Amino acid sequence: MRVAVLRFPGTWSENDFAHALSLVGAEPEIVWHADADLRGYDAVVVPGGFAYGDYLRAGAIAAISPAAAELRRAAAEGLPILGSCNGFQILCEIGLLPGALVRNRHLEFRCDWVHLRIESDRTPFTAGLRGEIVRMPIAHGEGCWVADELTLARVEANGQVVFRYTDARGAATPEANPNGSIANIAGLANEAGNVVGLMPHPERCSEELLGGTDGRRVLEALTGLRHAGAVPVRVQ
Amino acid sequence: MSGYVATIRVRPKAEVRDPQGEAVAGALRSLGMDVADVRTGKEIVVRFSAEGLPEASAKARQMGDELLANPVIEEFAVEVAAE
Numbered sequence: 423m424r425v426a427v428l429r430f431p432g433t434w435s436e437n438d439f440a441h442a443l444s445l446v447g448a449e450p451e452i453v454w455h456a457d458a459d460l461r462g463y464d465a466v467v468v469p470g471g472f473a474y475g476d477y478l479r480a481g482a483i484a485a486i487s488p489a490a491a492e493l494r495r496a497a498a499e500g501l502p503i504l505g506s507c508n509g510f511q512i513l514c515e516i517g518l519l520p521g522a523l524v525r526n527r528h529l530e531f532r533c534d535w536v537h538l539r540i541e542s543d544r545t546p547f548t549a550g551l552r553g554e555i556v557r558m559p560i561a562h563g564e565g566c567w568v569a570d571e572l573t574l575a576r577v578e579a580n581g582q583v584v585f586r587y588t589d590a591r592g593a594a595t596p597e598a599n600p601n602g603s604i605a606n607i608a609g610l611a612n613e614a615g616n617v618v619g620l621m622p623h624p625e626r627c628s629e630e631l632l633g634g635t636d637g638r639r640v641l642e643a644l645t646g647l648r649h650a651g652a653v654p655v656r657v658q
Numbered sequence: 083m084s085g086y087v088a089t090i091r092v093r094p095k096a097e098v099r100d101p102q103g104e105a106v107a108g109a110l111r112s113l114g115m116d117v118a119d120v121r122t123g124k125e126i127v128v129r130f131s132a133e134g135l136p137e138a139s140a141k142a143r144q145m146g147d148e149l150l151a152n153p154v155i156e157e158f159a160v161e162v163a164a165e
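Protein sequences appear in the order of chains A and B. Under our numbering, the residues of the first sequence are numbered 423 to 658, in order. Under our numbering, the residues of the second sequence are numbered 83 to 165, in order.
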């Protein structure tokens, strides 16, 4: 499985993602955003960092790069696309995912481990993982997901909420919410389920040495797909 | 073509929380100032050429729509003047 890992000026997690993807049997290739031609790849990762220094808004300038048009095309064709941290912000700015990510409610940058409940398995990154409580690191200052009430109701009703911040037992409490996101939302999918964004870093918890391997399960769910580029099976 | 200066003011929509504004309000209160509320935003000043004021205003609005503001969370106002 060939996976394109996008690099913008200011991306910092592309090498970690490439390493983590290689651990689960994928063939990662780091692709410079301005040369992005995503044809021939089976999946795309938009890694974390501070693309274009996060100037204007996190992800705003990356969202008008040549890679954005390619991401739109690939998303429409059903290619699995994963955005983590700044990658999630970029996917929201492009409009591939609903809502927006704004300054953490408490204004602090948070670098910590969090627990997440996997809410949906109709994405290529969470197939078979619904209901699991996983532990992943976060590192962000602008991870508070916001949307109007209509959008929130729609994503909840459509099952587009994929990851929710919880405590270790899976309860979505205010204390377990590291940034003030509405409804403890840590990650979302588009309506089709092939585009997923989350604030945590699966690539940073893919080996025992890093303190956890739950991120590897998300990447294994991807490489375990039988058909490259397949739209995930909808589970009733 | 003549020169124009557009001032684009971007601010969070009224229904979107502004934690930065809340922090500033707290800081002003700690200085003993009795403030009810603070909202923060940003001002972006752009110099460019256009064929007349209507075109300059349209261009400035386009900048706001396509890049400078995110309509999910922000609104913007534009002021354009000839240089």
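Yeah, the Cβ is synthetic: ideal placement off N, Cα and C, and Gly gets one too. Bear in mind the structure is a predicted one, so any value in this text is a computation, not a measurement.
For residue i, the nearest candidate out of the options (CA to CA)
| i | options | result |
| --- | --- | --- |
| Arg-99 of chain B | B:Val-162, B:Val-120 and B:Phe-158 | B:Val-120 |
| Glu-156 of chain B | B:Ala-88, B:Val-92 and B:Ser-112 | B:Val-92 |
| Val-427 of chain A | A:Ala-485, A:Pro-600, A:Trp-434 and A:Pro-469 | A:Pro-469 |
| Ala-164 of chain B | B:Ala-142, B:Pro-94, B:Leu-135 and B:Gly-146 | B:Leu-135 |
| Gly-103 of chain B | A:Leu-518, A:Arg-424, A:Asn-526 and A:Asn-599 | A:Asn-526 |
| Cys-566 of chain A | A:Leu-519, A:Met-621, A:Arg-639 and A:Glu-541 | A:Met-621 |
| Tyr-463 of chain A | A:Ala-448, A:Arg-544 and A:Asn-601 | A:Ala-448 |
| Glu-629 of chain A | A:Thr-433, A:Arg-424, A:Arg-429 and A:Asp-438 | A:Asp-438 |
| Val-640 of chain A | A:Gly-609, A:Phe-430 and A:Ala-484 | A:Gly-609 |
| Ala-132 of chain B | B:Val-162, B:Pro-94, B:Ala-96 and B:Lys-95 | B:Val-162 |
| Lys-95 of chain B | B:Lys-124, B:Val-128 and B:Phe-130 | B:Lys-124 |
| Ile-604 of chain A | A:Arg-626, A:Gly-633 and A:Leu-572 | A:Leu-572 |
| Thr-548 of chain A | A:Gly-619, A:Arg-495 and A:Asp-457 | A:Gly-619 |
| Ala-498 of chain A | A:Arg-461, A:Gly-581, A:Leu-632 and A:Gly-602 | A:Arg-461 |
| Ala-594 of chain A | A:His-562, A:Ile-555, A:Leu-632 and A:Val-577 | A:Ile-555 |
C-beta neighbour in chain B for residue i, strict 8 angstroms
| i | result |
| --- | --- |
| Arg-527 of chain A | yes |
| Glu-515 of chain A | yes |
| Ala-482 of chain A | yes |
| Ile-604 of chain A | no |
| Leu-478 of chain A | yes |
| Gly-521 of chain A | yes |
Beta carbon proximity, residue i to chain A, threshold 8 angstroms
| i | result |
| --- | --- |
| Leu-149 of chain B | yes |
| Ala-109 of chain B | no |
| Pro-136 of chain B | no |
| Arg-99 of chain B | yes |
| Gln-102 of chain B | yes |
| Ala-96 of chain B | no |
8 angstroms CB neighbourhood of residue i in its chain, flanking five on each side removed
| i | result |
| --- | --- |
| Leu-150 of chain B | Ile-90, Val-92, Ile-126 and Phe-158 |
| Val-106 of chain B | Val-120 and Thr-122 |
| Tyr-669 of chain A | Here chain A covers residues 423 to 658 and nothing more, so residue 669 of chain A does not appear. |
Contacts around residue i, its chain only, beta-carbon distance under 6 angstroms, and the 5 residues preceding and following it disregarded
| i | result |
| --- | --- |
| Ala-490 of chain A | Ile-516 |
Own chain, CB closer than 7 angstroms to residue i, minus 5 neighbours either side, in chain order
| i | result |
| --- | --- |
| Val-524 of chain A | Glu-564, Cys-566 and Val-568 |
At what residue ranges does the segment 99-149 of chain B contain a whole run of the alpha helix (DSSP H), taking only runs of 4 or more?
-> 101-112 and 135-145
Any 3 or more C-beta pairs closer than 8 angstroms across the segment 636-644 of chain A and the segment 442-452 of chain A = yes
Using 8 angstroms as the threshold, is the segment 526-541 of chain A in touch with the segment 493-507 of chain A, meaning 3 or more CB pairs across them?
-> no
Going along the chain, which unbroken runs of the beta strand (DSSP E) with 3 or more residues stay wholly within the segment 572-600 of chain A?
-> 583-588
Let me know the alpha helix (DSSP H) ranges lying completely inside the segment 453-526 of chain A, each 4 residues or longer, listed in chain order.
-> 488-498 and 508-516
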